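Chemist: Below: one structure in structure tokens.
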Amino acid sequence: MKIGKKTGRGIASILLGIFSLIYVSPLFIILFNSFKSQTNISNEPFKLPSAATWVGAANYRAGINDYGLLSGVGWTLLITIGSVAAILLLCSMFAWFITRVNAIYSKILYVLCVFSMVVPFQMVMYTLSQTADALRLNTPWGIIIVYLGFGAGLAVFMFSGFVKGIPLEIEEAAMIDGCTPVRTFFKVVLPIMQPTYITVGILQTMWIWNDFLLPYLVLDRNKYNTISMLIQYMRGSFGVVHMGAIMASLVLAVIPVVILYLSAQKYIIEGVAAGAVKG
Amino acid sequence: MASITINHISKIYPGNISVIEDCNLEITDKEFIVLVGPSGCGKSTILRMIAGLEDISSGELYIGDRLVNDVPPKDRNIAMVFQSYALYPHKTVYKNMAFSLEIAKTPKEEIDVRVREAAKVLDIEHLLNRKPKALSGGQRQRVALGRAMVRNPAVFLLDEPLSNLDAKLRASMRTELIKLHKQLGTTFVYVTHDQTEAMTMGDRIVVLNAGLVQQVDTPQKLYDCPNNVFVAGFIGSPQMNFIDATLKKDGGGYVLGINGDSLRIPADKVMDALAQYDGRSVKLGIRPENINDDADYVAAHSDSAISAVVEVSELMGSEVYLYLRYGDNMLTARVAPTTKSKIGDNIKVSLDMNKLHLFDIESGDVILN
Ligand SMILES: Nc1ncnc2c1ncn2[C@@H]1O[C@H](COP(=O)(O)OP(=O)(O)OP(=O)(O)O)[C@@H](O)[C@H]1O
Ligand SMILES: [Mg+2]
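Just so you know, the protein sequences line up as chains A and B, in that order. Each residue of the first sequence is one higher than the one before, counting from 398 in the working numbering. Each residue of the second sequence is one higher than the one before, counting from 32 in the working numbering.
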């Protein structure tokens, strides 16, 4: 029996629709649970809030007042934006330099960067936290430097892969047009690399925003907490599991990532296409 | 203004790869000079040294009166058109052309005037808002020229700018470039590996081979009086014919012995230098258009007649190329389309001995033009 093209498409759409629903359902469950009372979350987690179980913004208030959720969001934001900005700017410049300057040391640096990707975090985490403490990197500003180190491997690898694809003559044309090397980078190389910036930026943001272990090990917990650290305290430290506050924190943790993805979606697709058809 | 003086310049790439050896060249202001030579002979290297994109290993480079060995490209007042065009892919055509002026902090209004002026000359006004990827090869090439033009540089450097174009567009861009050169009155240094391009465009031509300058001359002089076998063979299409011959003194003059034939060198061509080659082998060079199969001509020049077998005959429209077997040698003759010679015929042709060239077999240097 032959299935028509339209029917085929219809079936595919329905199937994919179901899959997407399964994928986004946890997000919705977290969202509506964040408006339910503590007991109701634990007893009937999959029920939508009703008039009886609705507690409004109480969970958010609890999270903010009891756990300092807002400052957690603030620190997480600062660390993420700071680290991603540092990684993008410094790694792209670094990748451009080591790709274009043909010397032994640039090859060594490249290999070192790529090698750092294969070292598992667990292997270095204990010594790292000691070193970070000793160097007083246990602040949100300090941890940006640590993230720069961890992010550099992948970022340098991706950026130099892209730089190799840019014809050298374009940069030479810029030099003849009057650019200094720094200007060549910012006026010509950087705009051409835009798709890579977006890809690397999103990868790094997802990771750093959601990261728990590194800030937990490095940051001074009495002063600075990230969202994922707070969520950990909510479910462990005081013997009670404060589900309501956890749900509220999770919502706050997820929203920025969703917004980032939705707003960058166009560029992500463009970036992929630009990589596919070189021109 | 902008003459260019290349003084004993050598280029050695890392790894001790010597590419240019002791190059000397005097390019006068407003000249259209063409660097031509086979692939890999170092044309681009010379151009890139003039541009400042490549270090000079030894020697001196002057633009005008200024020694520019250590001057960065941006301060040399030059513009370059790359073989691949090298347009900025993220900028529109307008921005591509305006970029150098923006860097130089030229006022916006003036930038606009200059960009539009150049766009008009190049007939790309309607493309100003497009990005390079939405242009055809020929359009990109004109944008690349435009980008160079807006700056009013003292020197234009062009590296095989027409090699990516189809034959028709190439021919029309050739004339466009010649016009542009007249119009701008700037020094042009043009690199190509195509000798037709070189012959039609250059005021003077520099023939290079394996990093060595072979000859610098006007197209006509190169064609008529090549310095050596390489230049003689490189310039002209189809190629000049070369035949090994033995030079012998005969009475007051000289004759060339080939395959039992004996061709007399015209009296007004005879010179003292021939004496040292008496009885020795030399290389005879004769261009295809100086081999004639016309019966009247052969009758009138029977002293330089030879017989040869037609192996291939190619009709080119306004002329016919005959590929002839003469003893062990293959000769190309360029004859009128009215020719009666057919493939397989054993015909008589006469060489125009006044257009004869003789070369030293070992050094390849010219003995007589
Ligand atoms: N960076 C480099 N390192 C080593 N050798 C090089 C380098 N660049 C070019 N060469 C060599 O120098 C020689 C001349 O190169 P160049 O690019 O000047 O040739 P060209 O005359 O422009 O040839 P084409 O017509 O193919 O463009 C070549 O043999 C090439 O292999
Ligand atoms: Mg070249």
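Cβ atoms here follow ideal geometry from the backbone N, Cα and C, with glycine treated the same way. The model shown is predicted, which means the values in this text are computed figures rather than measured ones.
Do you know offhand how far residue 203 (chain B)'s Cα is from residue 194 (chain B)'s?
Modeler: Position 172 of the second sequence holds residue 203 (chain B). Position 163 of the second sequence holds residue 194 (chain B). Taking the straight line from one Cα to the other gives about 13 Å.
Chemist: Compute the distance between the beta-carbons of residue 33 (chain B) and residue 95 (chain B), then report whether it is under 7 Å.
Modeler: Within the second sequence, the letter at position 2 stands for residue 33 (chain B). Within the second sequence, the letter at position 64 stands for residue 95 (chain B). Against a cut-off of 7 Å, the Cβ pair of residue 95 (chain B) and residue 33 (chain B) comes out as a contact.
Chemist: If the cut is a Cβ gap below 8 Å, which residues of chain A does residue 115 (chain B) touch?
Modeler: Here the question's residue 115 (chain B) lines up with position 84 in the second sequence. Correct list: 564 and 566.
Chemist: Return yes when the Cβ of residue 104 (chain B) is within less than 7 Å of the Cβ of residue 83 (chain B), no when it is not.
Modeler: As a working note, residue 83 (chain B) is residue 52 in the second sequence. As a working note, residue 104 (chain B) is residue 73 in the second sequence. Contact flag set, yes.
Chemist: Could you tell me how far apart the beta carbons of residue 51 (chain B) and residue 77 (chain B) are, in whole angstroms, since I believe they sit closer than 8 Å?
Modeler: Numbered from its first residue, the second sequence carries residue 51 (chain B) at position 20. Numbered from its first residue, the second sequence carries residue 77 (chain B) at position 46. At roughly 6 Å, the Cβ-Cβ gap stays under 8 Å, so residue 51 (chain B) and residue 77 (chain B) are in contact.
Chemist: Establish whether the CB of residue 105 (chain B) and some CB of chain A are separated by less than 7 Å.
Modeler: Taking the second sequence and counting its residues from 1, one reaches residue 105 (chain B) at position 74. Chain A, which has a Cβ nearer than 7 Å to the Cβ of residue 105 (chain B), makes this yes.
Chemist: Assuming residue 263 (chain B) and residue 319 (chain B) make a contact with CB atoms under 8 Å, what is their CB distance in whole Å?
Modeler: Working through the second sequence from its first residue, we reach residue 263 (chain B) at position 232. Working through the second sequence from its first residue, we reach residue 319 (chain B) at position 288. Between residue 319 (chain B) and residue 263 (chain B) the Cβ distance is about 12 Å, and since that is not below 8 Å, they are no contact.
Chemist: From the beta carbon of residue 588 (chain A), is the nearest beta carbon of chain B less than 7 Å away?
Modeler: On the first sequence, residue 588 (chain A) is found 191 positions in, with the first residue counted as 1. It does; some Cβ of chain B falls within 7 Å.
Chemist: Would a check of beta-carbon distances place residue 77 (chain B) closer than 7 Å to chain A?
Modeler: Translated into positions along the second sequence, residue 77 (chain B) becomes position 46. False, the Cβ-Cβ gap to chain A never drops below 7 Å.
Chemist: Near ligand 1, which residues have their beta-carbon less than 5 Å from any of its heavy atoms, given in chain order?
Modeler: This criterion selects B:44, B:48, B:50, B:70, B:71, B:72, B:73, B:74, B:75, B:76 and B:224.
Chemist: Taking its Cβ as the centre, do 16 or more other Cβ atoms sit within 10 Å of residue 594 (chain A), making it buried, or is it exposed?
Modeler: Indexing the first sequence from 1 puts residue 594 (chain A) at position 197. It counts as buried.
Chemist: Based on Cα-Cα distance, which residue from A:648, A:659 and A:660 lies nearest to residue 461 (chain A)?
Modeler: Mapped onto the first sequence, residue 461 (chain A) falls at position 64. Nearest option by C-alpha distance: A:648.
Chemist: Should residue 135 (chain B) be flagged as near chain A, meaning a C-beta pair shorter than 7 Å?
Modeler: In the second sequence, counting from the first residue as 1, residue 135 (chain B) sits at position 104. It does: the Cβ of residue 135 (chain B) has a partner Cβ on chain A nearer than 7 Å.
Chemist: Count the CB pairs spanning the segment 416-436 of chain A and the segment 608-615 of chain A that are closer than 8 Å, and state whether there are at least three.
Modeler: Touching, no, given that fewer than three Cβ pairs across the two stretches are closer than 8 Å.
Chemist: Around the C-beta of residue 237 (chain B), are 16 or more other C-beta atoms found within 10 angstroms, so that it is buried, or is it exposed?
Modeler: The sequence position of residue 237 (chain B) within the second sequence is 206, counting from 1. When all chains shown are included, residue 237 (chain B) counts as buried.
Chemist: Name the DSSP bridge partner or partners of residue 93 (chain B)?
Modeler: For the purposes of this step, residue 93 (chain B) is identified with residue 62 of the second sequence, where counting begins at 1. Partner(s): B:36 and B:98.
Chemist: In terms of residues, what are the limits of the beta strand (DSSP E) holding residue 52 (chain B)?
Modeler: As a first step, residue 52 (chain B) must be located in the second sequence, where it is residue number 21. Note, residue 52 (chain B): beta strand (DSSP E), 48-58.
Chemist: Spatial neighbours of residue 290 (chain B) within its chain, please: C-beta separation below 6 Å, excluding the five flanking residues on both sides.
Modeler: For the purposes of this step, residue 290 (chain B) is taken as the residue at position 259 of the second sequence. Excluding positions up to five away in sequence, the list reads 358.
Chemist: Counting C-beta neighbours from all protein chains within 10 Å, is the total for residue 192 (chain B) 16 or more, i.e. buried, or is it exposed?
Modeler: Taking the second sequence and counting its residues from 1, one reaches residue 192 (chain B) at position 161. Buried: at least 16 other Cβ atoms inside 10 Å.
Chemist: Starting from residue 130 (chain B), find everything on chain A with Cβ-Cβ shorter than 7 Å and list it in chain order.
Modeler: Counting from one through the second sequence, the residue named residue 130 (chain B) turns up at place 99. Result: 574.
Chemist: Run down chain B in chain order and give the residues with a C-beta less than 7 Å from the C-beta of residue 585 (chain A).
Modeler: As a working mapping, residue 585 (chain A) is identified with position 188 in the first sequence. The contacting residues are 119.
Chemist: Given a threshold of 16 other Cβ atoms within 10 Å of its Cβ, counted over all protein chains shown, does residue 403 (chain A) qualify as buried or as exposed?
Modeler: Translated into the one-based positions of the first sequence, residue 403 (chain A) becomes position 6. Label assigned to residue 403 (chain A): exposed.
Chemist: What residue ranges within the segment 429-494 of chain A form continuous alpha helix (DSSP H) runs of no fewer than 4 residues, ordered along the chain?
Modeler: Counting whole runs of 4 or more residues, the segment 429-494 of chain A contains the alpha helix (DSSP H) stretches 435-440 and 455-464.
Chemist: Please confirm if residue 570 (chain A) has its CB atom under 7 Å from at least one CB of chain B.
Modeler: As a first step, residue 570 (chain A) must be located in the first sequence, where it is residue number 173. With 7 Å as the cut-off, residue 570 (chain A) counts as an interface residue toward chain B.
Chemist: Can you name the start and end residues of the beta strand (DSSP E) that residue 345 (chain B) belongs to?
Modeler: Locating residue 345 (chain B) in the second sequence gives position 314, where the first residue counts as 1. Per DSSP, residue 345 (chain B) belongs to the beta strand (DSSP E) from 336-346.
Chemist: Can you name the start and end residues of the alpha helix (DSSP H) that residue 239 (chain B) belongs to?
Modeler: Here residue 239 (chain B) refers to the residue found at position 208 when the second sequence is read from its first residue. Here residue 239 (chain B) belongs to no alpha helix (DSSP H); instead the beta strand (DSSP E) covers 235-240.
Chemist: So, residue 631 (chain A) versus residue 643 (chain A), is the Cβ gap smaller than 7 Å?
Modeler: Start at 1 with the first residue of the first sequence, and residue 631 (chain A) comes out as number 234. Start at 1 with the first residue of the first sequence, and residue 643 (chain A) comes out as number 246. Yes.
Chemist: From the DSSP output, which residues share a beta bridge with residue 288 (chain B)?
Modeler: Translated into the one-based positions of the second sequence, residue 288 (chain B) becomes position 257. Partner(s): B:277 and B:293.
Chemist: Could you tell me if residue 127 (chain B) is buried or exposed, where buried requires 16 or more neighbouring beta carbons within 10 angstroms of its beta carbon?
Modeler: Walking along the second sequence from the start, residue 127 (chain B) turns up at place 96. By the neighbour-count rule (16 or more Cβ atoms within 10 Å), residue 127 (chain B) is buried.
Chemist: Which residue's Cα is closest to the Cα of residue 394 (chain B): B:301, B:232 and B:260?
Modeler: Locating residue 394 (chain B) in the second sequence gives position 363, counting from the first residue. The shortest C-alpha separation from residue 394 (chain B) is found at B:260.
Chemist: Tell me the rounded alpha-carbon separation between residue 117 (chain B) and residue 38 (chain B).
Modeler: Taking the second sequence and counting its residues from 1, the one referred to as residue 117 (chain B) is at position 86. Taking the second sequence and counting its residues from 1, the one referred to as residue 38 (chain B) is at position 7. Distance between the alpha carbons of residue 117 (chain B) and residue 38 (chain B) is about 30 Å.
Chemist: Please confirm if residue 537 (chain A) has its CB atom under 7 Å from at least one CB of chain B.
Modeler: Numbered from 1 along the first sequence, position 140 holds the residue referred to as residue 537 (chain A). Chain B, which has no Cβ nearer than 7 Å to the Cβ of residue 537 (chain A), makes this no.
Chemist: Just grab the DSSP bridge partners of residue 379 (chain B) for me.
Modeler: Mapped onto the second sequence, residue 379 (chain B) falls at position 348. Answer is B:338, bridged to residue 379 (chain B).
Chemist: Taking only beta-carbon positions, decide if residue 84 (chain B) is within less than 7 Å of chain A.
Modeler: For the purposes of this step, residue 84 (chain B) is identified with residue 53 of the second sequence, where counting begins at 1. Interface residue, yes.
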